Structures are given as structure tokens and as C-alpha cells.
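Once you know that position 28 of the sequence shown is 51 in the working numbering, the rest is easy, because the numbers rise by one and skip nothing.
Worksheet: one structure, shown below.
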Amino acid sequence: MLAEYQNFVKDETNPALIKGGVKWRDVWVTATFGNAFEYFIVAPIDNFAQYDAPHPIEKALGKEGFAAWRAKGNRFF
Numbered sequence: 024m025l026a027e028y029q030n031f032v033k034d035e036t037n038p039a040l041i042k043g044g045v046k047w048r049d050v051w052v053t054a055t056f057g058n059a060f061e062y063f064i065v066a067p068i069d070n071f072a073q074y075d076a077p078h079p080i081e082k083a084l085g086k087e088g089f090a091a092w093r094a095k096g097n098r099f100f
């Protein structure tokens, strides 16, 4: 399941985020200590108004594509 999640992020999520305008993001994972398989994702914001706009993946894929992406990704959470 971990490899499936990593492929989902690498092959589907990251390209959609880039297309949707996300400049960069960092993903941190616990190593020696902490909960195994827990990821922390950090991304910059330009201003708080961006939270009133559609999600970057929705901008990239459209409403139906975003719904399909969420349905596929929900199994990992």
C-alpha cells in the first residue's frame, strides 16, 4: 500500500499540483522516531485569499477530474 501511495503522489498528485500553480512543497516523513508512515506536507501561501479559490488540483483537472482524484486518494487516508 505504501508503494501505491507514493506512486499516486508522484504520478498523479504532483503533476496536477504543478499544473494548478503550486510552486513547491516539501514532504517530510518520520525516520527513526515517531509514527511510521506519517507524512508532513508543507507548502507556501501567497496570501489567505488563495483559500477562497478552488483547490490547485481542481484548477488543473476540473471538477470531475478533482472528484475522481479525491475518490482515488481517499483509500490512502
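Note that beta-carbon positions come from the ideal geometry of N, C-alpha and C, so glycine has one too.
Note that the coordinates shown come from a computational prediction; the quantities given were computed from them, not determined experimentally.
- Would you call the region 70-84 and the region 42-56 touching, i.e. three or more CB-CB distances under 8 Å? Three or more Cβ pairs drawn from the region 70-84 and the region 42-56 lie within less than 8 Å of each other, which places the two stretches in contact.
- Query: DSSP on Phe63, reduced to helix/strand/coil?
  - Reply: DSSP places Phe63 in strand when its eight states are reduced to three.
- For Phe99, count neighbouring C-beta atoms within 10 Å of its own C-beta (all shown protein chains included) and say buried if the count is 16 or more, exposed if not. Phe99 is exposed by the Cβ-count criterion.
- What are the boundary residues of the beta strand (DSSP E) that Trp51 is part of? Looking at the DSSP string, the run of the beta strand (DSSP E) that includes Trp51 is Asp49 to Val52.
- Message: Between the alpha carbons of Gln29 and Leu84, how many angstroms are there, rounded?
- Response: Going from the Cα of Gln29 to the Cα of Leu84 covers about 20 Å.
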